[in-house]
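The opening residue of the sequence shown carries number 5 in our numbering; numbering runs sequentially from there. Where is the CB? At the ideal position from N, CA and C, for every residue including glycine. The structure presented is a predicted model; accordingly, all values stated were derived computationally and were not measured. In what follows, a single structure is set out as structure tokens and then discussed.
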Amino acid sequence: MQPTTASTETIDYKNVSFDKFIGDFKDTLSELFAEYDAKEHHFTERKFPDKMFKSIMDHVPLSVAIPSQYGGRGANPNECMSLLQAASYHSIPLTLIFGINIALFIEPFAKYGSETLKPEIFNKFLTQQHMGGLMITEPAHGSDALNMKTAYTQNEDGSYKIKGTKHWQGLTGLADYWLVAARKQSASGALGRDVDLFMTIDGLPEQHIEVTELYNNNGLYPIPYGKNEIDIQLPESQRLIPETTGIKMLMDTLHRSRLQFPGMAIGFAKRALDEATKYCNERMVRGNSLLQFDQIQNDLVRLESNFTICSSMCYRSSAFTSIEEDLALAGIEANTFKAVVSDIMQESAQILMQLQGGKGYLIKSLGSRAILDSRPFQIFEGPNDMLFTQLAEMMLKKMFKMKEPNLYEFMSNDSLSSYAAELFKENINISLEKGLPQRKLVLLGRTMAKVILAHNVITLGHSGFNAGMVSNCIDQLKTDVANLMNTYQVGTMSMPTETYQESSSWNDLLA
Ligand SMILES: Cc1cc2nc3c(=O)[nH]c(=O)nc-3n(C[C@H](O)[C@H](O)[C@H](O)COP(=O)(O)OP(=O)(O)OC[C@H]3O[C@@H](n4cnc5c(N)ncnc54)[C@H](O)[C@@H]3O)c2cc1C
């Protein structure tokens, strides 16, 4: 918990319409960040100023994710993503703090936690600005998280002992509660294949997780990361209860989180578009604004399309990511949304910085900070190359099961891509076979993701979204798919040269 004192000035978050709730919240953020952004030294501080953070939390923003029976606003995905959007317009670290709390603690705990604990824990979120996070990653087990070594045993009285080392947890040393992932250890010492989640209360001495190192993360400055030594004991009621297996519970949780990533991206995507448009209008070069250049207009279209894609994902995710839904099998969309939206954040940051020229390289420029702040979104919750590989594998599995090797035919009939496949026929009308190398699977995954997103953008257009923006966005996606499939067709299978240290110094070769 960042502020040291409990909030006494909590704003009424419950008995107001969502428009009023989010409108007031946005006004506060605009005011606070105008002041924050004016002081450059803030950008490298390891937390938001206490007073500022307390003022933000006085709006009880996390109430959006808490079910109404525990005093929250009802855990409506639309409200959750709108909140993330409002925060990300001003700050990627702030939206990630909310994203961690919402998707990695509150939602899974609300769904799988014990009824005996929820009223008290959620009340602390609502009245004392408490926060929570998720511990999965270990020093030796990151992308292969299911091989984690953190182990638990159960005592005769039903209580659990958990031991292990975790690292890179967002809100390390700051969160009041953690969901800790661990594998069951048998009497022989062997670890079970399933993974369980336990809710820990850091304020209790026997459940306190020791921070043995704080990392010097380069970007996301206000969020503490580090190494956590776990050696704790907790009662039976603090194990989350899966509906079937623990791995399915974990997948449901991670997929819901990945599907809500667009909320954390869309505010930033809009801000990058706003900042770039303003700058390019005002910056005079050769007696005219930067907008005179064709390439600048092309860059602005790219920023605009990134915002349109984010909008289509938020629109879709709002409809099916409530905690009542089981998302354990929603891997195709979850991987698509998370991987593409994190690429979009990075691309928008790069374009914004480039458009602002030398000014863009100042630390006070949003683009320069956003490059570092958004970069790990491509790494955490599944590195993107791994997610694109899995996406291609899941789609190919469906294709081979249906005995349909043609990508265009398959995507024309699949409910996730049917509106869009025709637009990409020229590039995706190919037959696929088993046993493709991973580099080709990644390209295929990227291509499939773009077609799925085009389907979502078309759906958004049918609902009344700006037709010009939809049309621009589809053109961009068509260009992306053409480029990807061209690389797929041409792609070489070069392998790293093991002897790259030998005969590879150009100046030794001078006569
Ligand atoms: C800023 C930040 C926030 C984080 N927040 C959390 C958190 O809140 N909770 C938590 O538990 N963890 C968190 N993590 C940890 C994060 O999830 C891991 O760093 C991530 O899973 C990668 O694991 P690793 O670092 O061990 O990299 P490795 O597993 O060593 O992978 C290194 C790289 O290899 C490549 N790679 C790996 N596997 C594959 C594959 N199958 N196919 C192709 N390429 C592959 C990828 O490029 C990857 O980035 C966070 C990390 C960062 C940087």
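Separation of residue j from residue i, as counted between CA atoms
i	j	result
L178	I462	42 Å
F469	T154	47 Å
N417	N82	29 Å
L258	L98	20 Å
R373	Y225	10 Å
K482	F428	7 Å
I383	A515	46 Å
R77	L87	12 Å
I166	I251	18 Å
T248	L150	17 Å
S422	S190	48 Å
D298	A69	44 Å
I227	L488	35 Å
A353	A38	20 Å
A90	T312	16 Å
T8	K58	Because the pLDDT at T8 is just 44, under 50, the model does not fix this residue reliably, and the point stays unresolved.
T244	C318	The sequence shown places Leu at residue 244, rather than the Thr named in the question. Rounded to whole angstroms, L244 to C318 spans 28 Å at the Cα level.
R443	A144	24 Å
G168	V184	10 Å
T14	D148	42 Å
H45	F52	11 Å
D389	K368	31 Å
S11	Q132	Note that S11 has pLDDT 47, beneath the 50 cutoff, so the model's placement of it is unreliable and the number below is only indicative. For S11 and Q132, the distance between alpha carbons rounds to 6 Å.
S21	G27	10 Å
N433	M473	27 Å
K401	A334	14 Å
F109	A280	35 Å
T496	N490	12 Å
F341	E210	39 Å
F47	K405	52 Å
Distance CB(residue i)-CB(residue j) smaller than 7 Å
i	j	result
G223	S92	no
L36	M61	no
K122	Y74	yes
S241	T120	yes
K454	D484	yes
A533	M399	Nothing can be reported for residue 533: it is not among the residues displayed for the chain, which extend from 5 to 515.
L175	H94	no
N19	L66	no
D303	L376	no
E233	E214	yes
L307	I300	no
L447	Y504	no
F392	R450	yes
A276	L356	yes
M253	G103	no
C314	A273	yes
Cβ separation of residue i and residue j, assumed to be a contact under 8 Å, to the nearest whole Å
i	j	result
G371	G361	With a Cβ gap of about 11 Å, G371 and G361 do not count as contacting.
S326	A79	7 Å
G117	M203	6 Å
D420	I456	The question names Asp, but residue 420 is Leu in the sequence shown. Right, the Cβ-Cβ distance comes to about 5 Å (below 8 Å), so this counts as a contact.
A396	L445	4 Å
Q264	S321	6 Å
W182	G137	6 Å
D180	G207	6 Å
S309	C84	Going by Cβ atoms, the distance from S309 to C84 rounds to 25 Å, so no, they are not a contact pair.
P112	L195	About 22 Å; that fails the 8 Å criterion.
E142	M135	Contact flag wrong, Cβ pair sits at about 22 Å.
K188	Y229	Their Cβ separation, rounded to whole angstroms, is 28 Å, which puts K188 and Y229 out of contact at 8 Å.
Cβ-heavy atom distance, residue i to ligand 3, below 6 Å
i	result
M139	Because ligand 3 does not appear in the structure shown, any question about it cannot be addressed here, the ligands present being ligand 1.
Per-residue burial, residue i [other beta carbons within 10 Å of its own, 16 or more giving buried]
i	result
N339	buried
Q296	exposed
I348	buried
M499	exposed
W510	exposed
M452	buried
S346	buried
P441	exposed
L366	exposed
S261	buried
N220	exposed
V199	buried
K438	exposed
M288	exposed
C-beta neighbour in chain C for residue i, strict 7 Å
i	result
N19	Of the protein chains in this structure there is only one, and it is not chain C.
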